[in-house]
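Participant: Counting in the numbering used here, the sequence shown runs from 17 upward without gaps. Below are the structure tokens for one structure; questions will follow.
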Amino acid sequence: MARTPLMAGNWKMNCNHVEAVGLVEQLAWTLKDFKYEPERSEAAVIVPFTDIRSVQTVIEGDRLPLAFGAQDVSVYDSGAYTGEIAAGMLAKLNCKYVVVGHSERREYHGETDELINAKAKKVIAAGMTPIICVGEVLEVRKAGIHVSHVLTQTKGVLDGIPAEQVAKLVIAYEPVWAIGTGEVATPQDAQEVCGAIRGYVAEAFGEEAAKGVRIQYGGSVKASNVVEIMAEPDVDGALVGGASLKADEFAKIVMFYTVA
Ligand code: PEP
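Have a look at this one:
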């Protein structure tokens with residue numbers, strides 16, 4: 017089963033809905049200029065909730081070759097949960113992807129593997145694809161226990177998800193010390209953990225799930241380092257923060273294959 021790489025731009029809390037339309041259009045024009053081939057690398061924008069309707073309108077209206085999604089979701093379906101957004105609401109807007117368990121949600125909102133697992137299940141039940149984030153903080157890396165730490169997180173976030181669903185979802189390995197810091201893990205660091213995650217998936221969910229699941233690397237990915245990271249066999253794409261806010265830079269990341 018061939019895995020199409022997924023390059024997902026996590027805009028975080030940047031761009032209002034007017035700016036979002038501008039950035040999406042700029043990205044689409046740049047990709048067109050570069051002769052982008054979507055079947056070789058999938059491009060997605062992961063935007064703030066308030067941008068989704070506008071981004072959907074421009075992408076669907078102009079048939080742009082971009083997927084879009086959200087940065088978080090509620091574990092509840094509806095009701096008295098002020099400020100929450102349900103998976104069904106995101107599915108109704110045609111979101112394809114929903115990021116769950118980003119390290120900023122873990123750090124600033126105390127999200128646990130158990131909660132992230134519940135969110136991922138809601139995303140799947142609503143017919144969307146979760147991008148489930150895992151990754152170690154610097155102290156864990158320094159202690160040399162990053163692989164077992166990330167595998168414990170992976171076990172927790174995938175708990176109870178059927179193997180055929182695991183085959184279709186996305187796991188983003190993001191070492192926290194490399195997010196927004198300019199510090200990039202080496203391609204070998206990325207491969208070490210992405211390979212271990214795939215090994216765990218094979219053991220716990222079977223070979224088919226391991227062959228299908230897409231495992232991204234995330235942490236200060238740029239046009240200048242993406243090619244070497246993507247050359248690793250178990251890296252199936254990137255979750256990109258800062259560099260996804262510049263159309264030209266993100267387009268080059270999406271089109272890493274032209275250099276590879
Ligand atoms: C991220 O937000 O997931 C991320 C990887 O950010 P950056 O690319 O800016 O390090």
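Just so you know, even glycine gets a beta-carbon here, dropped at the ideal spot from N, CA and C.
For L193, count the other beta carbons within 10 Å of its own beta carbon; 16 or more makes it buried, fewer makes it exposed. Which is it?
Facilitator: For the sequence presented, residue 193 should be read as Trp rather than Leu. That one is buried.
Participant: Between the alpha carbons of N32 and E219, how many angstroms are there, rounded?
Facilitator: 43 Å
Participant: Applying the 10 Å Cβ sphere with the 16-neighbour rule, what's the burial state of Q87?
Facilitator: buried
Participant: Give me, in chain order, the residues of the same chain whose beta-carbon lies closer than 6 Å to that of V156; leave out the 5 immediate sequence neighbours on both sides.
Facilitator: H162 and H165
Participant: When every heavy atom of the ligand PEP is checked, does at least one fall within less than 6 Å of the C-beta of G235?
Facilitator: yes
Participant: Look up Y113 in the DSSP assignment and give the residues it is bridged to.
Facilitator: G85 and T145
Participant: Leaving out five residues before and five after Q181 in sequence, what residues of the same chain have Cβ atoms less than 6 Å from its Cβ?
Facilitator: I140
Participant: Could you name the residues of the same chain whose beta carbon sits closer than 6 Å to that of Y113, not counting the 5 residues immediately before and after it, in chain order?
Facilitator: A60, G85, T145 and I147
Participant: Suppose you measure from the CA of L39 to the CA of F50; what does that come to, to the nearest Å?
Facilitator: 16 Å
Participant: So what does R230 bridge to, in DSSP terms?
Facilitator: V186
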